[in-house]
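Participant: Please read through the structure below; I'll follow up with questions.
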Amino acid sequence: MLQVKDCSFTYNETFELHGINFNVKAGEHLSIIGESGSGKSTLLKLLYGEYDLNKGEIYWKGKQILGPKFNLIIGYDYMKYVSQEFDLEPFITVAENIGNFLSNMYPKEKQGRITELLEVVELSAYAKVKVKYLSGGQKQRVALARAIAKQPEVLLLDEPFSNIDNFKKRSLRRNLFSHLKAHNISCIVATHDKNDVLPYADKMIVLHQGKIIANNSPQKVYKQPKEALVAAFFEDFNVFKLSEISKEKSSASEIIVYSNEITIRDRSELSAKVFKSHFMGSYFVIEAIFKGRSIFINHPIAIDNSQDISFVIPEALIRYRRL
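Position one of the sequence shown corresponds to residue 3 (our numbering), numbered consecutively onward.
This is the structure:
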């Protein structure tokens with residue numbers, strides 16, 4: 003198990019992580035999300051031992067992870083870190099880059115492992131191409147394959163699909179995360195993309211200004227967002243005053259409601275005027291004016307601008323969210 007205990011860190015007296023606590027079990031997938039500058043990449047570097055903590059401790063299977071004050075060589079054999087700088091060898095082939103750290107004592111097994119990894123990152127057709135001729139997204143896939151070549155116990159990924167085309171991301175995510183699960187490799191991913199998180203992560207934490215503001219399963223964080231920042235990661239959302247949408251009294255003054263949780267009806271006590279319909283592929287996001295501000299509602303079809311609409315928010319949802 004990876005244990006992060008009350009960790010704090012200051013960088014050049016301008017950036018801080020405060021009181022960071024979480025655990026990751028063997029084979030578990032944790033996603034770290036947060037806006038730019040929230041500390042995602044810094045936290046990964048602390049886990050890798052690239053920086054020294056100001057306070058706190060980090061352990062993997064009971065062994066403490068220490069920074070450069072204690073280790074001449076940064077990093078640990080059981081852990082691999084894929085940063086946004088790929089650190090590849092440009093003048094040798096894709097296959098050679100992947101196989102560089104594999105033993106030459108068993109050439110047949112080595113070649114089999116390279117072939118397997120080329121399939122995982124969907125680069126079989128580029129095995130003999132020198133890395134310098136690859137696109138940024140292809141290089142990122144080579145870096146991922148290299149990182150898992152020796153089957154580390156822990157894999158740290160910083161925005162691992164940021165350079166990869168959208169039409170490749172879906173299958174690559176499935177291949178990579180399925181491979182990690184099959185080999186019981188713990189994975190910690192810093193990302194801004196919900197599609198890296200929702201189908202794959204066992205747990206997620208949300209960082210804001212160097213502090214954890216949410217730590218739970220993706221489903222629970224999604225269903226009970228306590229902060230607008232958390233809801234914004236998932237999809238369009240609205241913040242309503244309880245007095246605007248419910249007659250029940252509560253200690254909570256506001257709740258967050260996602261655009262897909264509101265339904266347009268023929269008649270309702272709640273009404274708004276359509277400003278614009280935004281095409282999203284399989285549905286439209288209706289932007290409407292409610293009490294002088296924009297709200298967002300998912301709907302199967304577009305609605306004419308300036309048309310009056312009525313909408314409902316389920317009372318059960320309101321009761322659940324206000325807790």
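Glycine is no exception: its CB is placed at the ideal position from the N, C-alpha and C atoms.
Note that the coordinates shown come from a computational prediction; the quantities given were computed from them, not determined experimentally.
Does the distance from the C-beta atom of Leu90 to that of Val144 stay below 8 Å?
Facilitator: In the sequence shown, counting from the first residue as 1, residue 90 sits at position 88. In the sequence shown, counting from the first residue as 1, residue 144 sits at position 142. Yes.
Participant: Within 10 Å of its beta-carbon, does Arg323 have 16 or more other beta-carbons around it, so buried, or fewer, so exposed?
Facilitator: Counted from its first residue, the sequence shown places residue 323 at position 321. It counts as buried.
Participant: With a 10 Å radius around its C-beta and 16 neighbouring C-beta atoms as the bar for buried, classify Lys378 as buried or exposed.
Facilitator: Since the displayed the chain opens at 3 and closes at 325, residue 378 lies outside it and no answer follows.
Participant: Alpha carbon to alpha carbon, what distance is there between Ser270 and Ser312?
Facilitator: Within the sequence shown, residue 312 is the residue found at index 310, counting from 1. Within the sequence shown, residue 270 is the residue found at index 268, counting from 1. The straight-line gap from Cα to Cα measures roughly 5 Å.
Participant: Suppose you measure from the CA of Glu52 to the CA of Gly212; what does that come to, to the nearest Å?
Facilitator: As a first step, residue 52 must be located in the sequence shown, where it is residue number 50. As a first step, residue 212 must be located in the sequence shown, where it is residue number 210. Near 18 Å, if we compare the C-alpha coordinates of Gly212 and Glu52.
Participant: Label Thr16 either buried or exposed according to how many other C-beta atoms from any shown protein chain fall within 10 Å of its C-beta, with 16 as the threshold for buried.
Facilitator: Working through the sequence shown from its first residue, we reach residue 16 at position 14. That one is exposed.
Participant: Check whether the Cβ atoms of Val241 and Ile258 lie closer than 8 Å to each other.
Facilitator: Looking up residue 241 in the sequence shown gives position 239. Looking up residue 258 in the sequence shown gives position 256. Result yes, Cβ atoms of Val241 and Ile258 sit closer than 8 Å.
Participant: Could you tell me the distance, in whole angstroms, from the CA atom of Ile327 to the CA atom of Ala233?
Facilitator: Because the chain spans 3 through 325 in this model, residue 327 falls outside it and cannot be assessed.
Participant: Beta carbon of Leu125, beta carbon of Val96: below 8 Å?
Facilitator: Within the sequence shown, residue 125 is the residue found at index 123, counting from 1. Within the sequence shown, residue 96 is the residue found at index 94, counting from 1. Taking C-beta atoms as the reference points, Leu125 and Val96 count as a pair closer than 8 Å.
Participant: Considering only the beta carbon of each residue, do Leu159 and Glu37 sit closer than 8 Å?
Facilitator: Here residue 159 corresponds to residue number 157 of the sequence shown, with the count starting at 1. Here residue 37 corresponds to residue number 35 of the sequence shown, with the count starting at 1. No, these two residues do not count as a Cβ contact at 8 Å.
Participant: How about Ile299 and Ser261: are their beta carbons less than 8 Å apart?
Facilitator: To locate residue 299, count along the sequence shown from 1; it is residue 297. To locate residue 261, count along the sequence shown from 1; it is residue 259. Cβ atoms of Ile299 and Ser261: closer than 8 Å.
Participant: Using DSSP with H/G/I as helix, E/B as strand and the rest coil, what is Ile291?
Facilitator: Within the sequence shown, residue 291 is the residue found at index 289, counting from 1. In this structure, Ile291 counts as strand in the three-state DSSP scheme.
Participant: Nearer than 7 Å: is that true of the beta carbon of Asp89 relative to any heavy atom of the ligand ATP?
Facilitator: By its list of ligands, the structure shown contains no ligand whatsoever, and the ligand ATP lies outside what it can speak to.
Participant: Tell whether a beta-carbon distance below 8 Å holds between Phe88 and Lys141.
Facilitator: Here residue 88 refers to the residue found at position 86 when the sequence shown is read from its first residue. Here residue 141 refers to the residue found at position 139 when the sequence shown is read from its first residue. Cβ distance < 8 Å, so Phe88 and Lys141 count as in contact.
Participant: Going by beta carbon distance, what residues of the same chain come within less than 6 Å of Trp62, once the five residues before and after it are set aside?
Facilitator: Here residue 62 refers to the residue found at position 60 when the sequence shown is read from its first residue. Hits under 6 Å: Leu4.
Participant: Can you name the start and end residues of the alpha helix (DSSP H) that His210 belongs to?
Facilitator: Residue numbering aside, residue 210 sits at position 208 when the sequence shown is read from its first letter. Premise fails: His210 lies in the beta strand (DSSP E), Lys205 to His210, not in any alpha helix (DSSP H).
Participant: Out of curiosity, what's the CA-to-CA distance linking Glu32 and Leu119?
Facilitator: Reading the sequence shown from its first residue, position 30 is the one you call residue 32. Reading the sequence shown from its first residue, position 117 is the one you call residue 119. Here residue 32 turns out to be Leu, not Glu, going by the sequence shown. Their Cα atoms are separated by approximately 22 Å.
Participant: By DSSP, does Arg269 sit in helix, in strand, or in coil?
Facilitator: Locating residue 269 in the sequence shown gives position 267, counting from the first residue. Three-state DSSP puts Arg269 in coil, outside helix and strand.
Participant: Starting from Gln5, trace the beta strand (DSSP E) in both directions and tell me its first and last residue.
Facilitator: Along the sequence shown, read from residue 1 onward, the residue named residue 5 stands at position 3. Here the beta strand (DSSP E) through Gln5 covers Leu4 to Tyr13.
Participant: What are the complete beta strand (DSSP E) segments, minimum 3 residues, inside the stretch 65-107?
Facilitator: Complete beta strand (DSSP E) runs here, min 3: 81-84.
Participant: For Asn25 and Pro162, what's the separation of their Cα atoms in angstroms?
Facilitator: Position 23 of the sequence shown, counted from the first residue, corresponds to residue 25. Position 160 of the sequence shown, counted from the first residue, corresponds to residue 162. Distance between the alpha carbons of Asn25 and Pro162 is about 21 Å.
Participant: Just list the beta strand (DSSP E) runs in the stretch 221-252, keeping only unbroken ones of 3 residues or longer that don't cross its boundaries, in chain order.
Facilitator: 239-243
Participant: Under DSSP, the beta strand (DSSP E) around Ser188 begins and ends at which residues?
Facilitator: Against the sequence shown, residue 188 aligns to sequence position 186. Ser188 to Thr193 is the span of the beta strand (DSSP E), which, as asked, contains Ser188.
Participant: According to the neighbour-count rule (16 or more other Cβ atoms, all chains shown, within 10 Å of its Cβ), is Leu46 buried or exposed?
Facilitator: Position 44 of the sequence shown holds residue 46. Result: buried.
Participant: Suppose contacts are defined by Cβ-Cβ distances below 8 Å. Is Tyr80 in contact with Glu155 by that definition?
Facilitator: If you number the sequence shown from 1, residue 80 lands on position 78. If you number the sequence shown from 1, residue 155 lands on position 153. Yes, Cβ-Cβ distance for Tyr80 and Glu155 is below 8 Å.
Participant: Please state whether DSSP places Glu59 in a helix, a strand or coil.
Facilitator: Residue mapping note: residue 59 aligns to position 57 of the sequence shown, counting from 1. Glu59 falls in the strand class under three-state DSSP.
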